[in-house]
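K.L.:
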Amino acid sequence: MMYYSAVGIRYSKIWDEYLSGLAKDPHLRIRSLLRKHNVGFHCYENWMSRNGHSIRQAKAHAASLQPEPLKKETALVPEASFVPVVVHEASCVEPHSCDILTGISLTLPDGTVINIRRGSAEAVVSFLKLYSGEGVPCSD
265 MMYYSAVGIR YSKIWDEYLS GLAKDPHLRI RSLLRKHNVG FHCYENWMSR
315 NGHSIRQAKA HAASLQPEPL KKETALVPEA SFVPVVVHEA SCVEPHSCDI
365 LTGISLTLPD GTVINIRRGS AEAVVSFLKL YSGEGVPCSD
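One gets my numbering by counting positions in the sequence shown from 1 and adding 264 to each.
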């Protein structure tokens, strides 16, 4: 009787590992975990049947927890892009040292991440207004 409880505990741990692995990779195969733990598939399949576990149901549940795939329109947009903006030093008026911001990282509501190495507070605010559409001049 002790043998079955130890096997049951071992198999339960493998099942839990499989479910957590499915959360990360919905295409994970249980046979790879069984191989890793030196467990035969048919013995494990019998245990799953006795305990009401189903690979198909587990994969369906894991797939329902995955985020929806990107729409075709957004799939064409590259994941990340880098557009460097460099201002010529000769055309700038040097702001006061207390107005200089360095090492700024902004995450906008649409998911865009902007990294600013060095800039004045006024320039950063002006940029954000332009980006949001508030600072766009009238086209009339």
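Ideal placement from N, C-alpha and C gives every residue a C-beta, glycine not left out.
#1: Measuring alpha carbon to alpha carbon, tell me which residue in 374, 328, 367, 312 is nearest residue 388.
#2: Express the C-alpha separation of residue 369 and residue 308 in angstroms, rounding to a whole number.
#3: Among 396, 269, 283, 397, whose alpha-carbon lies nearest the alpha-carbon of residue 324?
#4: How would you label residue 383, buried or exposed, when you count the other beta carbons within 10 angstroms and need 16 or more for buried?
#5: Helix or strand or just coil, what does DSSP make of residue 377?
#6: Kindly indicate if chain D contains any beta-carbon less than 9 Å away from that of residue 314.
#7: For residue 269, does the three-state DSSP call read helix, strand or coil?
#8: Could you tell me the distance, in whole angstroms, from the CA atom of residue 398 to the CA atom of residue 391?
#9: Taking the alpha-carbon positions, what's the residue 339 to residue 291 distance?
P.N.:
On the basis of the data shown:
#1: Taking the sequence shown and counting its residues from 1, one reaches residue 388 at position 124. Checked all of 374, 328, 367, 312; the closest Cα to residue 388 is 367.
#2: Residue 308 sits at position 44 when you count from the first residue of the sequence shown. Residue 369 sits at position 105 when you count from the first residue of the sequence shown. Straight-line Cα distance between these residues: approximately 50 Å.
#3: Here residue 324 refers to the residue found at position 60 of the sequence shown. Ranking the options by Cα distance to residue 324, first place goes to 283.
#4: Position 119 of the sequence shown, counted from the start, is the residue given in the question as residue 383. Flag for residue 383 reads buried.
#5: In the sequence shown, counting from the first residue as 1, residue 377 sits at position 113. In this structure, residue 377 counts as strand in the three-state DSSP scheme.
#6: This model lacks chain D altogether, as it is built from one protein chain only.
#7: Sequence index remark: in the sequence shown, residue 269 carries index 5 (1-based). Reduced to three states, the DSSP call for residue 269 is helix.
#8: Here residue 398 is taken as the residue at index 134 of the sequence shown, counted from 1. Here residue 391 is taken as the residue at index 127 of the sequence shown, counted from 1. Rounded to the nearest angstrom, the two C-alpha atoms are 10 Å apart.
#9: Indexing the sequence shown from 1 puts residue 339 at position 75. Indexing the sequence shown from 1 puts residue 291 at position 27. Confidence at residue 339 is low in this model, with a pLDDT of 48, below 50, so its placement is unreliable and the value that follows should be read with caution. Their backbone Cα atoms lie some 21 Å apart in a straight line.
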